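> Residue 75 in the UniProt record's numbering is what sits at position 75 of the sequence shown, and the numbering runs on without skipping anything.
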Amino acid sequence: MVKEKKRKETMHDEKCPPLAGVEEVMMETLDAAEPMTGTMLHAILEERGYSQSVVNEHLWSLIDRGYIEMTDDGRFIKHETPMQNASCDFV
1 MVKEKKRKET MHDEKCPPLA GVEEVMMETL DAAEPMTGTM LHAILEERGY SQSVVNEHLW
61 SLIDRGYIEM TDDGRFIKHE TPMQNASCDF V
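1) Give the straight-line distance between the Cα atoms of E80 and E46, rounded to the nearest whole angstrom.
2) Can you tell me which of P82, M83, F76 puts its alpha carbon nearest to the alpha carbon of T39?
3) Quick one: what's M70 bridged to in DSSP?
4) Tell me whether M36 sits in a helix, a strand or coil according to DSSP, three-state version.
5) Please list, in chain order, all residues of the same chain as E23 whose beta carbon is under 7 Å from its beta carbon, the five residues on each side excluded.
6) Excluding the 5 residues preceding and the 5 following Q52 in the sequence, name in chain order all residues of the same chain whose CB lies nearer than 8 Å to its CB.
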């Protein structure tokens, strides 16, 4: 019998689109603004009721999957389609 992987274990390894909920809100927030810092993004999402730990988990998941990029100055920008050679491509 093969043990089925949980969604949380596999979502960082695949090119799944942003999930409904916090990831969708995060993408909409970044779409409506210029590149923003993590502090700014956390503040906006906290106002919408998401905890910092949930935001962190999904933010890094989107970065791993290539939908969000962190610039050299520590700001986040959104990509409509996953970037080539996203972090998870090297795993």
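Even for Gly, the Cβ is constructed at its ideal location relative to N, Cα and C.
Note that the structure is predicted; figures quoted are calculated from it, not measured.
According to the structure data:
1) 24 Å
2) F76
3) F76
4) strand
5) H58, L62
6) H42, E46
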